[in-house]
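Here the structure comes first, spelled out in structure tokens, and everything after it is commentary.
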Amino acid sequence: MVIIHYRSKRKASGGRYKAHRKKRLFEAGNSPTFPTLGERKIKAVRTKGGNIKTKLVHDEFMNVTDLSTKKSFKVKITNVTDNPANKQYTRQNILTKGAIVQTEKGKARITNRPAQDGCVSGVLIS
């Protein structure tokens with residue numbers, strides 16, 4: 002079934018709207034990408050207007066910034082220790098914004114959206 006970004010079929014009162022047309026291609030969406038730990042893999046998706054989005058499928062390294070020294074490093078992610086978005090994401094090692102991951106330099110918090118940016122970036126936390 003197609004994921005569609007369209008007006009709801011139901012009103013706030015629970016009644017139904019009359020369907021005035023069928024689905025359109027420009028209303029179509031994509032299934033969510035849940036980036037996990039593993040060897041780097043990127044998926045390119047064509048968007049409206051012929052543009053390309055890079056979606057991250059797996060990654061094992063991240064760009065970490067130490068805010069006290071203002072230096073950035075490329076470090077290996079060992080595992081996901083906490084994910085406030087969903088506790089199941091922690092068990093499945095899914096990388097989302099706000100997730101706390103264990104790295105070679107210590108714990109870090111992901112500050113970007115890996116599924117939409119194509120890379121993982123974060124800051125060290127104490």
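FYI, in this note's numbering the residues of the sequence shown are 2 to 127.
Using N, Cα and C, we set each Cβ at its ideal position, and we do this for glycine too.
Keep in mind it's a predicted model, so treat the numbers as computed, not measured.
TODO: Whole angstroms is fine: what's the gap from Leu125's alpha carbon to Lys75's?
DONE: Here residue 125 refers to the residue found at position 124 when the sequence shown is read from its first residue. Here residue 75 refers to the residue found at position 74 when the sequence shown is read from its first residue. About 12 Å.
- [ ] Note down the Cα distance separating Met63 from Cys120, rounded to an integer number of angstroms.
- [x] Here the question's residue 63 lines up with position 62 in the sequence shown. Here the question's residue 120 lines up with position 119 in the sequence shown. As the crow flies, the alpha-carbon of Met63 is around 7 Å from that of Cys120.
Open item on the list: Once the 5 residues before and after Thr34 are set aside, which same chain residues still bring their CB inside 6 Å of it?
Closed with: Taking the sequence shown and counting its residues from 1, the one referred to as residue 34 is at position 33. Correct list, in chain order: Lys56 and Ala116.
Task: Same chain, Cβ closer than 6 Å to Lys54, neighbours up to 5 away in sequence not counted - done: Locating residue 54 in the sequence shown gives position 53, where the first residue counts as 1. Cβ within range, chain order: Val46 and Thr48.
Open item on the list: Can you tell me where the beta strand (DSSP E) holding Ala109 begins and where it ends?
Closed with: Looking up residue 109 in the sequence shown gives position 108. Following the DSSP letters along the chain, one finds Ala109 inside the beta strand (DSSP E) bounded by residues Gly107 to Ile111.
Open item on the list: Suppose you measure from the CA of Gly107 to the CA of Thr79; what does that come to, to the nearest Å?
Closed with: In the sequence shown, counting from the first residue as 1, residue 107 sits at position 106. In the sequence shown, counting from the first residue as 1, residue 79 sits at position 78. Going by the C-alpha atoms only, they are around 10 Å apart.
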